[in-house]
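Trainee: Can you keep this structure in mind? I'll have questions shortly.
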Amino acid sequence: MKGFKLGLLSAALVMAGGSANLSAAMIKTPLYMNYADSGVNVEQRLKFAGKSRYKITVPLEKGIYNFQVSDEGQQCGLRYGPADEAKMRFSKPQGLSDCAEDKFFELNIRFAGNYELILDNSDADKPTLQVSRKAKASTFKRKPPAVDCIAWDGQPVTVDVSSTFSNGETVKDFYSGQTQKVTNGTVTMQPDPASGGVLLIEAADAEASEFSWDNASVYFIMTDRFNNGDTSNDYPLNRKADGKQEIGTFQGGDFSGITAKLDYIKDLGMNAIWVTPIVEQIHGFIGGGEKGSFPFYGYHGYWALDFTKIDPNLGSEEDFGRFVDEAHKRGIRVLVDVVVNHVGYPTMDDMQTFGINAMAPGAPVPKQWTDWQPDFEKGHNWHRYNNFIRWSSSDWADKWWGPDWVRSGMAGYTAPGGDDITMNLAGLPDLITESTKHVGLPPILKNKKDTKAVEREGYTVLDYLVEWHTNWVRDYGIDGFRADTVKHVEAEVWGKLKDSATEALAEWKKENPEKAIDDKPFWMVGEVWHHGAYRDFYFDNGMDSLINFEYAGESAALKGSQCLAQNEKMYATYAKDINSDPTFNLLTYISSHDTKLFYSNYEDIPLQAGAGTALLMMPGGVQLYYGDESGRPRGPQSDAFDSPTRSFMNWEQIDKDADRQALVKHWQTVGQFRDRHVAVGAGEHNKISDQPYAFSRTKGDDKVVVVFAGIKQ
């Protein structure tokens, strides 16, 4: 038998405030490693890891180790050893006895390395201990593939601006602030060291352009993962943290948090904010990922339960209204994500809350069903609860959404179809938006005391959905919608929603002239999965723009980020297509919540700066996903492919990391230049030269020249 042969960094067991439902499981006495042969080692103290979890990382040589975790006095109640099997299995939580006395774990180390032990006391009645090997921090950095690009010697750059500016006219590089008069049709300027070899040339006396959706710069925020401005709303509706990686739980972001960061967003040159759906989500969780490896709540907003209520995790209606008003004061429009295709999954909490009597007799669930957890020692996972539910119960038709409202595979419902319109996308109940049948409210909302849904005579399913969504416009002056899952809904539905929202916004502006940001009509952009840069029938059915999957989905974004000249063909094509048809536009991006983070591919700060320049110079509208500008790292990997894209905003890195501060500053500078000039997104594009790579954008009196000197040698 051996004790741990190591020198550990001692760390205080910091106690942090948690939700009321977790506080009883928190251990307020320091815990240490306790060895069978040498006793308690007070230098080896477990660190508090949040949510009633305590951990320590130790480097171990080959051998057998016998240990407990205990307080210094080895008191019963704080002396954790094996509840049953003493032999530890890697990466599997094992039950603990908190009064183990002479029972010690046996850990057989076959490969020397760093090992992490986690004591999880989130369920004080069933504490667990897990050990896993930690991979060594890798110093390897993946490099992007090389691209052909012009070289730059780092010296001042001469560019022909005669087609854009007149001789004797004073121009300014917006990036560095340097000015110069045009002589013989040229200017010679030194690119700022932080610019990546870029000059952003405008007339020295240029005034900012009037806002146009054709030059939209949209900052996309997953509200729950952006900024926590009000901790009092972190755990409503029986929702809980999972005490582990929190992949699928609510993490505290809210409307108050966005409001607190509006100046930050404005400084990025953003003139619109798109927030994920604001409406009340299903209350409980489902099993996350194919393997059910985590509890998965509707933190993202796409699993609606009540379209008439704000989800309480995001704040109150007052919080939302304050956010919209403060954004408008700063010249920022607000887009709300809307879902018309489906509602959220059934959950145990919603079954219990709304009296859906479909739990199997004798099911192993606690008094509060949402407190259920799988028995990991038996190999169970978070999908396991589905085995306890009687999916054939008539209560699903009578007390849930009802067969007039959704298609579902459950008893009493119309089965889903096999096409894009009638399928159950990802198994989600499909709203029957094509139905002409007059219906009342769905049963679940009839039984929901705080809903604002009102039964209307002669309404169809679609009539209700249109009213519920446009009421947010009518009440708060929302400027536009981002429409989710567009291709899974009949095209004419979007036209009807757009018409109603346009009318609602006009009414709001008439009634609130002091709050109206402008007189522009309602705007709508749609997500048609994998849609590229072309016009089709969606633009004849309510859409002003569509999300452009082409740029991020191919190698174009990577090449353009390394060498701006690589984007010339795409810049020219997009500008020509957009300018030749006033009813057509695009919203181009590099990262999203459903695909990937551009930064995560190479984790390269200079490359991320280049990505900002390349994206922000794109014709049409552009979308920044929160953290594009700061190199937000991806979140924990899981068996849900998109979970790493939804990590919490990296505010601490921005505050402490000089490289990230410089990165944000770069995106701010280029973003403000774009915001000042409608010509960047909506203007005619003309290439001026290959070396340096230079182009102009002009729209009316607004004109700019953008120069890329090349890759510095």
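Residues in the sequence shown are numbered consecutively from -1, following the numbering used here.
Even for Gly, the Cβ is constructed at its ideal location relative to N, Cα and C.
Helix, strand or coil for E278, going by three-state DSSP, please let me know.
Mentor: Here E278 sits in strand by DSSP.
Trainee: Hey, out of Y78, V273, D35, D428, whose CA is closest to P28's CA?
Mentor: For the residues Y78, V273, D35, D428, the minimum Cα distance to P28 belongs to Y78.
Trainee: Any idea what DSSP makes of G255, helix, strand or coil?
Mentor: Of the three classes helix, strand and coil, the one that applies to G255 here is helix, per DSSP.
Trainee: Throw me the rounded Cβ distance for the N496 and G540 pair, which I believe falls under 8 Å.
Mentor: Here the sequence assigns Lys to residue 496, which means Asn is not the residue at that position. Yes, they are in contact, since the Cβ atoms of K496 and G540 sit about 3 Å apart, within 8 Å.
Trainee: Taking three-plus beta-carbon pairs below 8 Å as touching, is the segment 611 to 629 in contact with the segment 227 to 239?
Mentor: Because the criterion of three Cβ pairs below 8 Å is not met, the segment 611 to 629 and the segment 227 to 239 do not touch.
Trainee: Report buried or exposed for H486, applying the criterion of at least 16 other Cβ atoms within 10 angstroms of its Cβ.
Mentor: H486 is buried by the Cβ-count criterion.
Trainee: Restricting to Cα atoms, I'd like to know which of I62, A122, A531, K124 is closest to N106.
Mentor: Selected option, being the one with the closest Cα: I62.
Trainee: Short of 6 Å in beta carbon distance, which residues of its chain neighbour V216, apart from the five on each side in sequence? Order them along the chain.
Mentor: Cβ neighbours of V216 beyond the five flanking positions: A270, W272, Q621.
Trainee: Measuring alpha carbon to alpha carbon, tell me which residue in N32, K132, I116, S120 is nearest D100.
Mentor: Considering only alpha carbons, the answer is N32.
Trainee: Consult DSSP for R405 and reduce its assignment to one of helix, strand or coil.
Mentor: Note: R405 maps to strand in three-state DSSP.
Trainee: With a CB to CB cut of under 6 Å and the five nearest residues on each side skipped, what residues in its chain are close to R480?
Mentor: Cβ neighbours of R480 beyond the five flanking positions: W272, L333, D335, V523.
Trainee: Could you tell me the distance, in whole angstroms, from the CA atom of R223 to the CA atom of A122?
Mentor: C-alpha separation (whole angstroms): 28 Å.
Trainee: Considering only the beta carbon of each residue, do P125 and F102 sit closer than 9 Å?
Mentor: No, the Cβ-Cβ distance between P125 and F102 is not below 9 Å.
Trainee: Quick one: complete beta strand (DSSP E) runs, 3+ long, within the segment 312 to 355?
Mentor: The segment 312 to 355 contains these whole beta strand (DSSP E) runs: 331 to 336.
Trainee: Kindly provide the ranges of any beta strand (DSSP E) runs that are 3 or more residues long and lie completely inside the segment 152 to 190, ordered along the chain.
Mentor: With a minimum length of 3 residues, the continuous beta strand (DSSP E) runs that stay inside the segment 152 to 190 are 155 to 158, 168 to 171, 177 to 179, 184 to 187.
Trainee: Can you tell me where the beta strand (DSSP E) holding D304 begins and where it ends?
Mentor: Where D304 is concerned, the enclosing beta strand (DSSP E) stretches over 302 to 308.
Trainee: Three-state secondary structure (DSSP) at H486?
Mentor: Correct three-state label for H486: helix.
Trainee: Does the segment 456 to 473 come into contact with the segment 365 to 373, if we say contact requires no fewer than three beta-carbon pairs (one atom in each stretch) closer than 8 Å?
Mentor: In short, these stretches do not touch, since the Cβ pair count stays below three.
Trainee: Please go through the segment 19 to 53 and give each complete beta strand (DSSP E) segment of 3 or more residues, from N-terminal end onward.
Mentor: Taking only runs of at least 3 residues, the beta strand (DSSP E) segments lying wholly in the segment 19 to 53 are 30 to 33, 37 to 43, 45 to 48.
Trainee: Take H528 and list the residues in its own chain whose beta-carbon comes closer than 6 Å to its own, dropping the five residues that flank it on each side.
Mentor: So the qualifying residues of the chain are F547.
Trainee: Out of curiosity, what's the CA-to-CA distance linking A9 and V67?
Mentor: The predicted model places A9 with a pLDDT of 25, which falls under 50 and marks its position as unreliable; any figure quoted below should be read in that light. Straight-line Cα distance between these residues: approximately 15 Å.
Trainee: How big is the Cα-Cα spacing for I330 and F65?
Mentor: If you take the alpha carbons of I330 and F65, they lie about 58 Å apart.
Trainee: Do you know how far the Cα of E324 is from the Cα of F706?
Mentor: About 37 Å.
Trainee: Rounded to whole angstroms, what is the Cα-Cα separation between F712 and G152?
Mentor: What is shown of the chain runs -1 to 711, which leaves residue 712 out entirely.
Trainee: Since I442 is in the alpha helix (DSSP H), which residue starts that stretch and which ends it?
Mentor: Start and end: 441 to 444.
Trainee: If you reduce the DSSP assignment to three classes, tell me which class M522 lands in.
Mentor: Reduced to three states, the DSSP call for M522 is strand.
Trainee: Is it right to say G255 is buried, meaning 16 or more other beta carbons lie within 10 angstroms of its own, or is it exposed?
Mentor: Answer is buried; the Cβ neighbour count reaches 16.
Trainee: Would you kindly work out how many angstroms separate the C-alpha atoms of N469 and A502, rounded to a whole number?
Mentor: Approximately 8 Å, taken between the alpha carbons.
Trainee: So what does DSSP say about Y78, is it helix, strand or coil?
Mentor: Residue state, collapsed to three classes: strand.
Trainee: Sort out for me which residues DSSP pairs A550 with in a bridge.
Mentor: None, per the DSSP bridge assignment.
Trainee: Between I576 and the rest of its own chain, which residues show a CB-CB distance below 8 Å, the 5 nearest in sequence each way excluded?
Mentor: The answer, listed in chain order, is D212, F582, N583, L584, P617, G618, A680.
Trainee: In angstroms, rounded to a whole number, what distance separates the CA positions of Y411 and N236?
Mentor: Approximately 29 Å between the Cα atoms of the pair.
Trainee: Helix, strand or coil for M357? Go by DSSP, reduced to three states.
Mentor: Note: M357 maps to strand in three-state DSSP.
Trainee: Is the number of C-beta pairs between the segment 169 to 182 and the segment 192 to 212 that are closer than 8 Å three or more?
Mentor: Result yes; three or more Cβ-Cβ pairs closer than 8 Å.
Trainee: Would you mind giving the Cβ-Cβ distance between T186 and V159, rounded to the nearest angstrom? I have them listed as a contact below 8 Å.
Mentor: Actually they are not in contact, since the Cβ atoms of T186 and V159 sit about 11 Å apart, beyond 8 Å.
Trainee: Are the beta-carbon atoms belonging to I308 and M357 less than 9 Å from one another?
Mentor: Taking 9 Å as the Cβ cut-off, I308 and M357 do not qualify as a contacting pair.
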